[in-house]
Each structure stands twice: as C-alpha cells, then as structure tokens.
Amino acid sequence: MRVSPRAGLFAVAVFVMLLFFAVPSSQASAASPSTAMVQEINKARQAHGLAPVRRSGSLRRTASRYAGWMLKRDYFGHLTRIRASRRFRRLGEIIAMHRGRRLGIRSTVRRWLHSPPHRAVILSSRFRYAGAGTRKGRFGRHTSRTWVMHFGSR
0 MRVSPRAGLF AVAVFVMLLF FAVPSSQASA ASPSTAMVQE INKARQAHGL APVRRSGSLR
60 RTASRYAGWM LKRDYFGHLT RIRASRRFRR LGEIIAMHRG RRLGIRSTVR RWLHSPPHRA
120 VILSSRFRYA GAGTRKGRFG RHTSRTWVMH FGSR
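Residue numbers (numbering that gives the first Met the number 0): 0 to 153.
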C-alpha cells in the first residue's frame, strides 16, 4: 500500500497538534503569583505548627484590587477599613512594596516575618482563609511591585 505525500503531511500535522495539546506549557502549569504567595505563607505557618490557610477567591480579588489602587494613586499604606467580602467576620491585611518587576515572593514573606505586626497576622491561628494580590507599575518615578494579602475568618 502506497501513501500519498499529502496524506503523510496530514498525519504529521495531526501528530504535532496532538502533541501540542497533550503537553502542557510551562506557563500553564506554573502556579499563579497569588497561589505561590499563599503556599509560601503556609510554609511559614507550618514551620510554626499552624494549620495552613485556604485560598479564597474573594480575598484574592480584593487584595489584587487594593494592590492596583495603591499604585494608581501613588499611595502606600493601610486604609481605616479593609474592603473585603462580608462573609468574613474578622479580616487582616499585610502589604509590601519593592522596586522592580520581579515577584520577590520569598523575600517578601521573609520581610513580613521579621516585622512584628505582619508576623502577628501571618501566624494568627484565627485566620483560616487568605488571598494574595500583586501589581506592578509606577510608584513615583520608579517601577515597583505591590503585594497585598487579605486574611479572613468566618
């Protein structure tokens, strides 16, 4: 049986397409910055004998919005009220900023753990949920990255 060149080319094209869809790209399989930050926080909590926090989509969204809001307004600090889902009775917030575009997840967690107020939030057994948000942009004249984490308990 003889196969035409056109049929052989079609078979190769189908094989390449199957390979493309069967092998996930490294970007698709990599954890999002938010997920990676919560994982790093959970490592710190585990090292101190605490239960991990569960990821919350609503806390991630509010943290992301606040991270962007700060850059947009050239403001860095806490507001008097944390704007998050009303599902949570207790809320906590930690923030960080550094120059450059890199995520700096480990270094950010390390700095938080060396700051008593931030450490108290991270290591609070009261919090069961968390969401992290990050944005990169201009702060003053510098390219910067902001991180916000919202913690909650029901």
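Heads up, the beta-carbon is just placed ideally off N, CA and C, and yes, glycines get one too.
Cα-Cα separation, residue i to residue j
i	j	result
Leu-58	Leu-122	18 Å
Met-96	Pro-115	17 Å
Arg-86	Arg-153	6 Å
Leu-78	Leu-90	13 Å
Arg-100	Arg-134	9 Å
Gly-56	Ser-124	20 Å
Ala-83	Ser-63	11 Å
Exposure of residue i, with buried meaning 16 or more beta-carbon neighbours within 10 Å
i	result
Tyr-65	buried
Thr-142	exposed
Arg-144	buried
Ala-50	exposed
Ser-31	exposed
His-117	buried
Cβ pair residue i, residue j closer than 8 Å
i	j	result
Gly-136	Thr-61	no
Gly-132	Val-120	no
His-149	Glu-92	yes
Own chain, CB closer than 7 Å to residue i, minus 5 neighbours either side, in chain order
i	result
Glu-39	Ile-104, Arg-105 and Val-108
Asp-73	Phe-138 and Gly-139
DSSP three-state assignment for residue i, whether helix, strand or coil
i	result
Ser-143	strand
His-117	helix
Ser-124	coil
beta-carbon residue i near the ligand COA non-hydrogen atom, thresh 7 Å
i	result
Gly-151	The ligand COA is not part of this structure, which contains no ligands at all.
Close beta carbons around residue i, own chain, < 6 Å, minus the five adjacent residues each side
i	result
Met-69	Phe-75 and Thr-145
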